[in-house]
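With the working numbering as the guide, the letters of the sequence shown map in order to residues 976 to 1120.
What follows is one structure encoded as structure tokens, with my remarks underneath.
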Amino acid sequence: MNTAMLFLILLVGGWASWVDIRELRIPDTVIVLGLSTSLTATFVGLLSPSSFLAGTLTASVQMLSIRLITRNKLGLGDVKLGIFLAGILGPLRWIIAAVAASMMMLFFLMPRIISGNAEKQELVPLAPALTACSLLCAYIPENLM
């Protein structure tokens, strides 16, 4: 994985995480900046066009399906951040990152769920987990994918 792309994940994902923790929303400006930069990186040759397209299509179907099934429990900002991250990571790394992020969120919420302190409609920022797991999955060697 290119160092510039890792920096892009850290920059856009970090910004989205910071805003998501503070406001429980991810503004479109973060995602537009990330997608436009990753598209530019694709045209310049830093990202594989097939990996970018396959990643964005995989994340689009996956994240939008989850949003529809869970009846707005997953915000559209999370969906758009997932599409951006999948465009950089490619489909296989993205699936691993999304599953790992879900498990990370469950791990951190489990004590609250067990103790009965978690509210049913509680909003939880997902961007930090998506960003952290995406950064980790970016280091998976190509020969393992």
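Even glycine gets a Cβ: it sits at the ideal position worked out from N, Cα and C.
All values reported here derive from a predicted model rather than from experimental measurement.
Look up residue i in the DSSP assignment and say whether it is helix, strand or coil.
i	result
VAL1099	coil
ALA1061	helix
ARG1000	coil
PRO1116	coil
GLY1009	helix
GLY989	helix
Considering Cα atoms alone, identify which of the options is closest to residue i.
i	options	result
ILE1041	PHE1027, GLY1057, ALA1029	GLY1057
GLY1102	ASP995, ARG1087, MET1078, LEU983	Correcting the residue type first, residue 1102 is Ala in the shown sequence and not Gly. For the residues ASP995, ARG1087, MET1078, LEU983, the minimum Cα distance to ALA1102 belongs to ASP995.
LEU1060	LEU1051, SER1090, ALA1073	ALA1073
Buried or exposed: residue i, going by 16 or more other Cβ atoms within 10 Å of its Cβ?
i	result
ASP1003	exposed
ALA979	exposed
VAL1036	exposed
PHE1018	exposed
TRP1044	According to the sequence shown, residue 1044 is Ile rather than Trp. Answer is exposed; the Cβ neighbour count stays below 16.
PRO1024	exposed
ARG1068	buried
(message) I'd like the ranges of any alpha helix (DSSP H) spanning at least 4 consecutive residues and lying wholly in the stretch 1022-1053.
(response) 1024-1044
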